[in-house]
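**Student:** What follows is a single structure, and I will ask about it in a moment.
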Amino acid sequence: MNHLRRVIHQLGLLQIDYVNVLVPAQYQVPFSRLGAYDRAQLDELVYRRREFTEHWAHEASIVPVDAWPLFRYRRLAHRVRPRGFERALRREPGYSRQVLARIRAQGALTAAELPSPTTGERRLPGSWYGTIPRAMAEWHFGRGRLAIADRRPDFRRVFDLSERVLSEDIRSRRVPTFAAHRALLLQAARAHGVATTGDLADYFRMPVTMVKPRLQELVDAGELHPIRVHGWTEPAYLHPEARRPRRLHATALLSPFDPVVWHRPRAARLFDFEYRLEIFLPAPKRRWGYYVLPFLLNDRLTARVDLKADRAGRRLRVQAAYLEPDTDGAQVSDALARELGTMAGWLGLESVSVGRRGPFARELAAAVRAQR
DNA sequence: ATTTAATACGGACTTTTGGG
DNA sequence: CCCAAAAGTCCGTATTAAAT
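Quick note on the numbering used here: the first sequence kicks off at 99 and runs consecutively.
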């Protein structure tokens, strides 16, 4: 639990995607760079002790409760406007308050348990939200009136009034806007070590124009160092606590939403790794596959694999495998095969099977066989 | 000072599936 | 039926920077 706590504080956030390991895969491969950990630990820290809370940060995330006052800029700007939602609200102006009143009276509820508008449809076809009550809950959550009190075993959120989730101390704490922005940027810089303006802005999804003057203030105050990095065209910022290790030892299959790669221009700049998420592409247009995970080995992204957890067959399927250019395949296939075995283990799968797609598949398959 | 170019941003749209 | 989750592309518009 201390490890989990430390990781979230270090990064300033834990993207919900990390936690997807707990969900029987909306995405076919649940994942976590944290490796195997107990769902109970997270529940304890977030929903029982309330040391952390859910908030839109980079995307849907868990953040330290102390950061809640810093995200006011995001709550004020939060928009939920899927097709038909605003029309439904105009038709029934009291619905927003009605949802809050229901939760106030009955206690925490999931979106499915919220009342429908009395006029018109419950469904919101063609939107990610699916239903009007779900979109309404998301709207209130984004604005800060509702907070996530709990998660059901299937990971659906339980919404409650934020005053019943967060302390009065936290909710009433006012941080001047610019100071809040600086605090978040400094947190982003700490997580990055060295970063461009775009990198830092993207960490908590701030507009670049909002970020630039704040970065200058941090430089003037000596809290960030402006530097140039060899091979980077843009100016960069160095966090004073950033350390460059002589050697880097790391072995990990990264989520597409891992901070190491979530900002694609940075991944390209640091690792010369061209990466794009292809879950939204029609199947025939995909170059690598539906759900492709980069493989980090020490200080390089060395390969990528399209994974799927075949729960019925109790095996982790590697649907396609690709080695990055100028990479020692033998070394990578060995380490990757081990990592796949580990992942299968914490997913509760019995074996790893490698398909034939991708030029690295044959070599990887051999390495996986060799480890059995 | 005015026009043009560059950049940023917001919104709409795309995909998938297990389990309650 | 309902819920979990989200990057990139395109396009129109707004703001800023550069050029004349």
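Even glycine gets a Cβ: it sits at the ideal position worked out from N, Cα and C.
Ala401 to Gln285, Cα distance in whole Å?
**Tutor:** To locate residue 401, count along the first sequence from 1; it is residue 303. To locate residue 285, count along the first sequence from 1; it is residue 187. Distance between the alpha carbons of Ala401 and Gln285: 30 Å.
**Student:** Here's a check: name, in chain order, each residue in its chain whose Cβ is nearer than 7 Å to the Cβ of Gly456, leaving out the five neighbours to either side.
**Tutor:** Residue 456 sits at position 358 when you count from the first residue of the first sequence. Same-chain partners within the cutoff: Ala418, Ala419 and Tyr420.
**Student:** Quick one: what does DSSP say Gly133 is sitting in, helix, strand or coil?
**Tutor:** Residue numbering aside, residue 133 sits at position 35 when the first sequence is read from its first letter. Because Gly133 sits at a pLDDT of 43, beneath the cut-off of 50, its placement in the model cannot be relied upon, and the following sentence gives the value as read from the coordinates. Residue state, collapsed to three classes: coil.
**Student:** Quick one: measure Cβ to Cβ for Leu109 and Pro357, integer angstroms, because I've assumed they're closer than 8 Å.
**Tutor:** By one-based count along the first sequence, residue 109 stands at place 11. By one-based count along the first sequence, residue 357 stands at place 259. The pair is a contact, with the Cβ atoms about 6 Å apart (cut-off 8 Å).
**Student:** Measuring only the C-alpha atoms, how far is Val81 from Pro354?
**Tutor:** Nothing about residue 81 can be read from this structure; the chain reaches only from 99 to 470.
**Student:** Determine the direct distance from the alpha carbon of Arg384 to that of Ala233, and round the result to whole angstroms.
**Tutor:** For the purposes of this step, residue 233 is identified with residue 135 of the first sequence, where counting begins at 1. For the purposes of this step, residue 384 is identified with residue 286 of the first sequence, where counting begins at 1. In a straight line, the C-alpha of Ala233 is about 30 Å away from that of Arg384.
**Student:** So Arg241 packs on Arg189, CB below 8 Å; how close in whole Å?
**Tutor:** The residue labelled residue 241 in the question sits at position 143 within the first sequence. The residue labelled residue 189 in the question sits at position 91 within the first sequence. The pair is not a contact, with the Cβ atoms about 21 Å apart (cut-off 8 Å).
**Student:** Along the chain, where does the beta strand (DSSP E) that runs through Arg454 open and close?
**Tutor:** Position 356 of the first sequence, counted from the start, is the residue given in the question as residue 454. Element bounds for Arg454: Ser449 to Arg455.
**Student:** How about the stretch 296-315 and the stretch 154-168: do they share at least three Cβ pairs that are nearer than 8 Å?
**Tutor:** Segments in contact, yes.
**Student:** Find the nearest neighbour of Arg398 within the set Ala433, Ile230 and Thr295, judged by alpha-carbon distance.
**Tutor:** Locating residue 398 in the first sequence gives position 300, counting from the first residue. Out of Ala433, Ile230 and Thr295, Ala433 has the C-alpha closest to the C-alpha of Arg398.
**Student:** Going by DSSP, name the residue or residues bridged to Phe393.
**Tutor:** Locating residue 393 in the first sequence gives position 295, counting from the first residue. DSSP output for Phe393 lists Leu351 and Ala401 as bridge partner(s).
**Student:** In the structure shown, what three-state DSSP assignment does Ile73 receive?
**Tutor:** The requested residue 73 does not occur in the structure, where the chain is confined to residues 99 to 470.
**Student:** Mind checking His101: buried by the 16 CB within 10 Å criterion, or exposed?
**Tutor:** By one-based count along the first sequence, residue 101 stands at place 3. Exposed is the call here.
**Student:** Return the chain-ordered list of same chain residues with a C-beta closer than 8 Å to the C-beta of Leu198, the five sequence neighbours on each side being excluded.
**Tutor:** Position 100 of the first sequence, counted from the start, is the residue given in the question as residue 198. Only His238, Arg243, Leu244 and Leu259 meet the Cβ criterion.
**Student:** Can you give me the Cβ contacts of Leu462 inside the same chain, cut-off strictly under 7 Å, excluding the 5 residues immediately before and after it?
**Tutor:** In the first sequence, counting from the first residue as 1, residue 462 sits at position 364. Result list for Leu462: Val416, Ala419, Ser431, Leu434, Ala435 and Val452, in chain order.
**Student:** As a quick exercise: from Trp444, Arg262 and Pro191, pick the residue whose alpha carbon is nearest that of Thr216.
**Tutor:** Here residue 216 refers to the residue found at position 118 when the first sequence is read from its first residue. The residue with the shortest Cα to Cα distance from Thr216 is Pro191.
**Student:** For Glu236, which residues of its own chain have a beta-carbon under 7 Å away from its beta-carbon, when the five flanking residues on both sides are left out?
**Tutor:** Working through the first sequence from its first residue, we reach residue 236 at position 138. Correct list, in chain order: Val178 and Tyr227.
**Student:** Which same chain residues, not among the five before or five after Ala186, have their C-beta less than 7 Å away from its C-beta?
**Tutor:** Position 88 of the first sequence, counting from 1, holds the residue named residue 186. Same-chain partners within the cutoff: Pro215, Gly218 and Ile230.
**Student:** Round the Cβ separation of Ala299 and Val292 to the nearest angstrom and send it over; I've been treating them as touching at under 8 Å.
**Tutor:** As a working mapping, residue 299 is identified with position 201 in the first sequence. As a working mapping, residue 292 is identified with position 194 in the first sequence. Contact flag wrong, Cβ pair sits at about 15 Å.
**Student:** Go ahead and label Arg364 buried or exposed: buried means 16 or more other beta carbons lie within 10 angstroms of its beta carbon, across all protein chains shown.
**Tutor:** Stepping through the first sequence from its first residue, residue 364 is reached at position 266. It counts as buried.
**Student:** Which residue from Asp164, Leu351 and Leu316 puts its Cα closest to that of Ala334?
**Tutor:** One-based indexing of the first sequence puts residue 334 at position 236. For the residues Asp164, Leu351 and Leu316, the minimum Cα distance to Ala334 belongs to Leu316.
**Student:** Kindly indicate which three-state DSSP category Phe257 falls into: helix, strand or coil?
**Tutor:** Position 159 of the first sequence, counted from the start, is the residue given in the question as residue 257. Residue state, collapsed to three classes: strand.
**Student:** At which residues does the alpha helix (DSSP H) containing Leu284 begin and terminate?
**Tutor:** As a working note, residue 284 is residue 186 in the first sequence. First-last of the alpha helix (DSSP H) with Leu284: Thr275 to His290.
**Student:** Within the continuous alpha helix (DSSP H) that includes Thr295, where are the two ends?
**Tutor:** The residue you call residue 295 lines up with position 197 of the first sequence. Where Thr295 is concerned, the enclosing alpha helix (DSSP H) stretches over Thr295 to Tyr301.
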